[in-house]
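Asker: In the order they appear, the protein sequences are chains A and B. In terms of my numbering, the first sequence opens at residue 1 and continues consecutively. In terms of my numbering, the second sequence opens at residue 1001 and continues consecutively. Where a beta carbon is used, it is the ideal one built from N, C-alpha and C, also for glycine. Please read these numbers as outputs of a predicted model, since none were measured by experiment.
Protein chains: 2
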Amino acid sequence: MKIHNASEERESNLVLALDVSTKVKDERDIRELCGRAKTILDDTERFIAGLKVNFQLLLPLGLYGYLQEVLDAARAYGLPTIMDCKINDVEHTNRWAATHFFDAGFDALTANPFAGWEGGLKGVFDEARRREKGVILLVYMSHHSAEENYGREIVLSDGKVKPCYRFFAEKAVEWGADGVVVGATRPNVISEVRKMLPKDVLIFSPGVAIQGGDVETVFRAGADYAIVGRIICEAKKPGETAKWYVERIKSVLRDRG
Amino acid sequence: MKIHNASEERESNLVLALDVSTKVKDERDIRELCGRAKTILDDTERFIAGLKVNFQLLLPLGLYGYLQEVLDAARAYGLPTIMDCKINDVEHTNRWAATHFFDAGFDALTANPFAGWEGGLKGVFDEARRREKGVILLVYMSHHSAEENYGREIVLSDGKVKPCYRFFAEKAVEWGADGVVVGATRPNVISEVRKMLPKDVLIFSPGVAIQGGDVETVFRAGADYAIVGRIICEAKKPGETAKWYVERIKSVLRDRG
């Protein structure tokens, strides 16, 4: 996955979630939001291994509109970009979404394995393989009620029972995903999932800081990348905050060897 | 829900999924796609009760960009609009997505109950309630592998076992959803879910025609609305095709009484 090179070059295992947001009354608000996003990127780029975009930025900026300025800036810095769309529709729609996200310049996207393979995510993986793009599957999210769903036991066809996130982690291997998402609020799940995955299937962990996850614990548990958003984007000096996280991560990775 | 009035006025229980799609090289392609969408809407508007938009239209047109022309046209016709985003993220992101979709003019959106309530979909329902907008929850999708997930049995906290779609239908009632999605390919599930829901929680059924669902069977089973997309959008005379579906639906609803 493209992020590996950026990570080695930059000695960083931090993905910036560019979660800036605003209500939009007119085009001035959109331009202002775009400017704010680019300023944060400029300030943090030396410290990050990749950039993640979500709906709070995509919807106001527009995929082929102002968002192109952000994606161009990331490309100029050599930073890979992830669209966190958590796609979970039928194949026809999933494939078109992937086509547009990849055409518009994203290097990877996230998908919810709950959509299944046949008639579901198969088209997304086909599209990604054909273009050497990445697919990252949700395995266990960071929020409180993820326990009710990602953490719930499901009944398999042979009658045996298994937690949903283990089923999803197996799908990540079976379908050839490039990475998975496991929330920073569940370090035990990170350790467990790390043992299930080949080394080249990367674990991305969101939910550090504001959602309560601890960045050092997350890397001790075996995460490959932390995804950090608001605590950096809302800092007075985003670059300083990003740098602080990178140093914490580095010290754990040195110990991990 | 706003769709009820449009449906009574227009004597239609058909929702048009405006699933037109194209690759985008420049703004001309975007304008052309927007024009194509509006032409289909103009041709079918007399026969439909509402309009559904998905990523294949949202991404190229842009929410605050050309998509506004489509939403303005729907509003001028008095047609309610549904954004089929199947949102399934953490609360912070879900709330921003809902804010933008509603601000931009959509009357309702779809969400995946797999995201859960606390820290998940609660913010979407709050935002919808505050503005008298609708939330439609996925209960059982139309595609083949939905069986592996929506159809799978899950273990409840008391150790009992229940199919996931029944759990989701219960959440629709508990959370106060305005409607649910049950695929046209599963008429038995439509009947079963209809019995679980109060009458004012509407069943929307996609997957007619190209995905294999039969429109009459779907309404006999208890659906309130069929969502039909490509078979209409790709027809030589979209209005004629829409009218054909409306007549089929009407005949079943007359028998249903």
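Is it buried or exposed for glutamate 1091(B), if we count other Cβ within 10 angstroms and need 16 for buried?
Answerer: Counting from 1 along the second sequence, the entry for residue 1091(B) is found at position 91. That one is buried.
Asker: Consider the Cβ of aspartate 107(A): report whether some Cβ of chain B lies at a distance smaller than 9 Å.
Answerer: Within the first sequence, the letter at position 107 stands for residue 107(A). False, the Cβ-Cβ gap to chain B never drops below 9 Å.
Asker: Of all Cβ atoms in chain B, is any one closer than 9 Å to the Cβ of tryptophan 175(A)?
Answerer: Within the first sequence, the letter at position 175 stands for residue 175(A). Chain B contact via Cβ: absent.
Asker: Can you check whether the CB of valine 1201(B) is closer than 9 Å to the CB of tyrosine 1165(B)?
Answerer: Position 165 of the second sequence holds residue 1165(B). Position 201 of the second sequence holds residue 1201(B). In this structure, valine 1201(B) does not lie closer than 9 Å to tyrosine 1165(B) by Cβ.
Asker: Kindly list the residues whose CB is nearer than 7 Å to the CB of alanine 37(A), restricted to its own chain and excluding five residues on each side of it in sequence; keep chain order.
Answerer: As a working mapping, residue 37(A) is identified with position 37 in the first sequence. Correct list, in chain order: Leu18, Val20, Leu57, Val70.
Asker: Starting from valine 173(A), trace the alpha helix (DSSP H) in both directions and tell me its first and last residue.
Answerer: Taking the first sequence and counting its residues from 1, the one referred to as residue 173(A) is at position 173. It spans 164–175 - the alpha helix (DSSP H) in which valine 173(A) sits, taken as one unbroken run.
Asker: May I ask you to report which of helix, strand or coil DSSP gives alanine 1006(B)?
Answerer: The residue you call residue 1006(B) lines up with position 6 of the second sequence. The answer is helix: DSSP assigns alanine 1006(B) an H, G or I state.
Asker: DSSP three-state label for serine 12(A), please.
Answerer: For the purposes of this step, residue 12(A) is identified with residue 12 of the first sequence, where counting begins at 1. Reduced to three states, the DSSP call for serine 12(A) is coil.
Asker: Are the C-beta of leucine 41(A) and some C-beta of chain B separated by less than 9 Å?
Answerer: The count along the first sequence starts at 1 and reaches residue 41(A) at position 41. Closer than 9 Å: no.
Asker: Note down, in chain order, all residues in the stretch 57–76 of chain A with a beta-carbon under 8 Å from any beta-carbon belonging to chain B.
Answerer: Listed in sequence order: Leu59, Pro60, Gly62, Leu63, Tyr64, Gly65.
Asker: Roughly how many whole angstroms lie between the Cα atoms of tyrosine 66(A) and glycine 1119(B)?
Answerer: Numbered from its first residue, the first sequence carries residue 66(A) at position 66. Numbered from its first residue, the second sequence carries residue 1119(B) at position 119. Rounded to whole angstroms, tyrosine 66(A) to glycine 1119(B) spans 29 Å at the Cα level.
Asker: Using a Cβ-Cβ cut-off of less than 8 Å, give me the residues of the stretch 6–25 of chain A that come near chain B, in sequence order.
Answerer: Here the close residues are Asp19, Ser21, Lys23, Val24.
Asker: Mapping the DSSP letters down to three states, classify proline 1198(B) as helix, strand or coil.
Answerer: To locate residue 1198(B), count along the second sequence from 1; it is residue 198. Correct three-state label for proline 1198(B): coil.
Asker: Interface residues of chain A around methionine 1083(B) at Cβ under 9 Å?
Answerer: Looking up residue 1083(B) in the second sequence gives position 83. Ordered by position in chain A, no residue passes the 9 Å Cβ test against methionine 1083(B), which lies about 10 Å from the chain.
Asker: Could you run through the stretch 1151–1175 of chain B and flag, in chain order, every residue whose CB is less than 7 Å away from some CB of chain A?
Answerer: Result list: Arg1152, Glu1153, Ile1154, Val1155, Val1161.
Asker: Can you name, in chain order, every residue of its own chain whose Cβ lies under 7 Å from the Cβ of valine 1135(B), other than the five neighbours on each side?
Answerer: Here residue 1135(B) is taken as the residue at index 135 of the second sequence, counted from 1. For valine 1135(B), where only same-chain residues beyond five positions count, the Cβ hits under 7 Å are Ala1108, Leu1109, Ala1111, Val1124, Phe1125, Ala1128, Ala1177, Asp1178.
Asker: In chain order, what residues of the same chain lie with their CB nearer than 6 Å to the CB of isoleucine 87(A), ignoring the 5 residues before and after it?
Answerer: Start at 1 with the first residue of the first sequence, and residue 87(A) comes out as number 87. Around isoleucine 87(A): Asn94, Ala97, Ala111.
Asker: Under a CB-based cut-off of 9 Å, is aspartate 126(A) close to chain B?
Answerer: Position 126 of the first sequence, counted from the start, is the residue given in the question as residue 126(A). No, its Cβ sits nowhere closer than 9 Å to a Cβ of chain B.
Asker: Look up alanine 17(A) in the DSSP assignment and give the residues it is bridged to.
Answerer: Taking the first residue of the first sequence as 1, we reach residue 17(A) at position 17. Beta-bridge pairing links alanine 17(A) to Lys52(A).
Asker: Does the stretch 238–247 of chain A touch the stretch 1203–1217 of chain B, meaning 3 or more C-beta pairs lie closer than 8 Å?
Answerer: With a cut-off of 8 Å, the stretch 238–247 of chain A and the stretch 1203–1217 of chain B do not count as touching, because too few Cβ pairs lie within range.
Asker: Is there contact here, the stretch 219–237 of chain A with the stretch 42–56 of chain A, by at least three beta-carbon pairs under 8 Å?
Answerer: The stretch 219–237 of chain A, when compared against the stretch 42–56 of chain A, does touch it at the 8 Å Cβ threshold.
Asker: Which residues in the same chain as phenylalanine 167(A) place their Cβ atom closer than 7 Å to its Cβ, once the five residues preceding and following it in sequence are excluded?
Answerer: Position 167 of the first sequence, counted from the first residue, corresponds to residue 167(A). Here the set comprises Ile154.
Asker: Note down the Cα distance separating glutamate 216(A) from isoleucine 249(A), rounded to an integer number of angstroms.
Answerer: Along the first sequence, read from residue 1 onward, the residue named residue 216(A) stands at position 216. Along the first sequence, read from residue 1 onward, the residue named residue 249(A) stands at position 249. Rounded to the nearest angstrom, the two C-alpha atoms are 6 Å apart.
Asker: Evaluate arginine 1186(B) with the Cβ neighbour count: other Cβ atoms within 10 Å of its Cβ, from every protein chain shown; 16 or more gives buried, anything less gives exposed.
Answerer: To locate residue 1186(B), count along the second sequence from 1; it is residue 186. Per the 10 Å Cβ criterion, buried.
Asker: Of the residues Thr241(A), Ser251(A), Leu63(A), Leu156(A), which one's Cα is nearest the Cα of aspartate 43(A)?
Answerer: Taking the first residue of the first sequence as position 1, residue 43(A) is located at position 43. Answer by Cα proximity: Thr241(A).
Asker: Quick one: which residues of the stretch 1202–1224 of chain B get their C-beta closer than 7 Å to a C-beta of chain A? List them in chain order.
Answerer: If the cut-off is 7 Å between Cβ atoms, the stretch 1202–1224 of chain B has nothing near chain A.
Asker: Using only the alpha-carbon positions, how far apart do lysine 1122(B) and glutamine 1211(B) sit?
Answerer: Numbered from 1 along the second sequence, position 122 holds the residue referred to as residue 1122(B). Numbered from 1 along the second sequence, position 211 holds the residue referred to as residue 1211(B). Going from the Cα of lysine 1122(B) to the Cα of glutamine 1211(B) covers about 32 Å.
Asker: Rounded to a whole number of angstroms, what is the C-alpha to C-alpha distance between glycine 213(A) and alanine 184(A)?
Answerer: The residue given as residue 213(A) occupies position 213 in the first sequence. The residue given as residue 184(A) occupies position 184 in the first sequence. So the alpha carbons of these two residues sit roughly 5 Å apart.
Asker: Ignoring anything shorter than 3 residues or poking outside the stretch 1102–1143 of chain B, list the beta strand (DSSP E) runs there in chain order.
Answerer: If we require 3 residues or more, the beta strand (DSSP E) runs fully inside the stretch 1102–1143 of chain B come out as 1108–1111, 1134–1140.
Asker: Going by alpha carbons, who is nearest to valine 53(A) out of Met83(A), Ile40(A), Asp29(A), Asp26(A)?
Answerer: One-based indexing of the first sequence puts residue 53(A) at position 53. Among Met83(A), Ile40(A), Asp29(A), Asp26(A), the Cα nearest to that of valine 53(A) belongs to Met83(A).
Asker: Please name the residues in the stretch 92–103 of chain A whose beta-carbon is closer than 8 Å to at least one beta-carbon of chain B, in chain order.
Answerer: The stretch 92–103 of chain A vs chain B, Cβ under 8 Å: His92, Thr93, Trp96, Ala97, Thr99, His100, Phe101, Asp103.
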